[in-house]
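Comments concern the structure below.
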Amino acid sequence: MFNFLVKNLIEVTISFRCMEIDRSEERIREIHSDLVDVYGEQEKYDDRDGVRQLLITILSQNVADTNTARAAENLFKDFHDYQEIENTSIDELADSINLAGLPETKAKRIQRTLKALREETGEYSVDFLGEMSDEDAQAWLEEIKGIGPKTASVLLNFHFDANVMPVDTHVERLAKRFRLIPFSTSNGSAHELLNEAVPHEIKNSFHMLLIEHGKNNCTARNPTCENTKLNKHCTRYQLVENGDLKPEEYPPEELK
Ligand code: SF4
């Protein structure tokens, strides 16, 4: 029995590895176009206030959209301006944003971010980031403890239309299932590889469409795999079709 299981695991791993990673521009554009056909063109959201957008992105870390929206509503209702948010106690701030989860951690991140902006510019503004190269702006933001590549790239791409690809958990999972990056890719490398491969003018739209697909169909567990426009690009679907994986199983490397 043990030998059978090991043999099975090895066979799945081999057939899985045989499916070549391909993130050529042509293939990315084809997947993007199929996603547009399924979900429609996505309207870009850009809060005109970049600081507000950055704070909302911090609130959105590891939490569902509805909770982010409600926590943001409370935050901007409970405090009059950014100075008040920076100067209030952690307890009060955490209480206000409680719905976003990890309230104390996020309260500290928010205050650190506001402090860094104020110390850099003498005011609460992100405008100076638009004068920097994309790499320098990203590096400046990531110097703030609690701001990672995803939070930084969301602000830079959505607010400044910078050539950086925002990669959240949906984007990362789908990029792996679509064979754009190996399943073993770390989050940091996923950012680098997708950033390099996805053309600037479709970065934002590709990001939003992958999230749509990730939320509506290609969930982490029990994805619906019926859409023929999209399942033809997918490693997981091919493994199931070939009989190398049961629908309720996941490629061994996906589980790492
Ligand atoms: S076929 Fe299934 S697993 Fe693959 S991308 Fe589509 S929904 Fe996701």
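First residue of the sequence shown? That's 1 in this note's numbering, and the numbers climb one at a time after it.
All residues carry an ideal CB built from backbone N, CA and C; glycine is no exception.
Quick caveat: nothing in here was measured; it's all calculated off a predicted structure.
Within a Cβ cutoff of 6 Å, which residues of the same chain sit near residue i, ignoring the five residues on either side of it in sequence?
| i | result |
| --- | --- |
| D78 | S96 |
| I144 | R112, T113, A116 |
| M165 | L194, N195, V198, K203 |
| V154 | T57, P166 |
| I147 | L141 |
| G101 | V63 |
| Y39 | L209, E212 |
| C257 | The requested residue 257 does not occur in the structure, where the chain is confined to residues 1 to 256. |
| A137 | L129, L156 |
| I181 | A175, A190, L193 |
| E123 | none |
| I110 | L55, I58 |
Between which two residues does the alpha helix (DSSP H) harbouring residue i extend?
| i | result |
| --- | --- |
| V171 | 169-177 |
| I181 | It is not in any alpha helix (DSSP H) - I181 carries neither H nor E in the DSSP assignment. |
| E119 | 103-121 |
| F158 | 149-160 |
| M19 | Premise fails: M19 is in no alpha helix (DSSP H) and is neither H nor E. |
| R27 | 25-39 |
Enumerate in chain order the residues of its own chain whose CB-to-CB distance from residue i is below 7 Å, with the five nearest sequence positions on each side excluded.
| i | result |
| --- | --- |
| K150 | P166, V167, D168 |
| D22 | R179 |
| I90 | E104, A107, K108 |
| T68 | I56, L59, S60, A100 |
Suppose the cutoff is 8 Å on Cβ atoms and the five residues either side in sequence are ignored; what does the same chain contact list for residue i look like?
| i | result |
| --- | --- |
| I211 | D168, H170, V171 |
Measuring from each Cβ to the nearest heavy atom of the ligand SF4, keep the ones under 6 Å and list them in chain order. R177, N217, C218, P223, T224, C225, L230, N231, C234, R236, Y237
Under 8 Å: do the stretch 167-177 and the stretch 126-137 share three or more Cβ pairs, one atom per stretch? Touching, no.
Pairs of beta-carbons, one from the stretch 60-67 and one from the stretch 81-95, closer than 8 Å: are there three or more? no
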